[in-house]
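Going by the working numbering, the first residue of the sequence shown is number 477, and it counts up by one from there.
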Amino acid sequence: MSFQKHSVLVLCGFAILSLFSSCKNDKVFRLIDASKSGITFNNKIIEDSAINPMTLEFIYNGSGVAVGDFNSDGLPDLYFTGSRVKNELYINQGKFKFKNVTDKSGTACAEYWSSSASVVDINNDSKPDIYVSNSVSKDNKFRQRG
477 MSFQKHSVLV
487 LCGFAILSLF
497 SSCKNDKVFR
507 LIDASKSGIT
517 FNNKIIEDSA
527 INPMTLEFIY
537 NGSGVAVGDF
547 NSDGLPDLYF
557 TGSRVKNELY
567 INQGKFKFKN
577 VTDKSGTACA
587 EYWSSSASVV
597 DINNDSKPDI
607 YVSNSVSKDN
617 KFRQRG
């Protein structure tokens, strides 16, 4: 093996060793209980004869979360989309505490199967807008192939 190839292998070995030795067991994330945060959203999927993995193969693909400062207070607010549950908007109160303002804001979209959400200034008014994607009709007759 040439000196150059050997040097490259040694340098790569040291780089990998440095990478792993610098890793700590410190947690990057920590769980905050719903009783403290105020966030109780649960995209609970309830199967029935009309909606189940046999009739809707993407039933467990999940829902979406969008982050934006919707009340212009400088804190990131959260919007969750639900499949068989209504969407929910939580306003950040600071210190990881949130208030559910879904009903007051009219953002539930309860009649839709929402799959994702994005935050964009869609109407160019310098305020964040929530753009919700709805992917599946809850009514089985609208999901039949014709």
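Note that beta-carbon positions come from the ideal geometry of N, C-alpha and C, so glycine has one too.
Self-check item: Assigned secondary structure, residue 597 (DSSP; H/G/I helix, E/B strand, else coil)
Solution: coil
Practice problem: Work out the CA separation of residue 543 and residue 553 for me, nearest whole Å. | Solution: 6 Å
Self-check item: Rounded straight-line distance, which links the Cα of residue 531 to that of residue 522
Solution: 13 Å
Self-check item: Of the residues 574, 590, 538, the one placed nearest residue 511, counting alpha carbons only
Solution: 574
Exercise. Could you check what DSSP says for residue 510 in three-state terms: helix, strand or coil?
Key: helix
Exercise. Give a yes or no on whether the C-beta atoms belonging to residue 563 and residue 608 are separated by under 8 Å.
Key: yes
Self-check item: Distance CB(residue 568)-CB(residue 551) smaller than 8 Å
Solution: yes
Quiz item: So, is residue 566 buried or exposed, given that buried needs 16 or more other C-beta atoms within 10 angstroms?
Solution: buried
Self-check item: Minimum C-alpha distance to residue 527 - residue among 572, 513, 508, 559
Solution: 559
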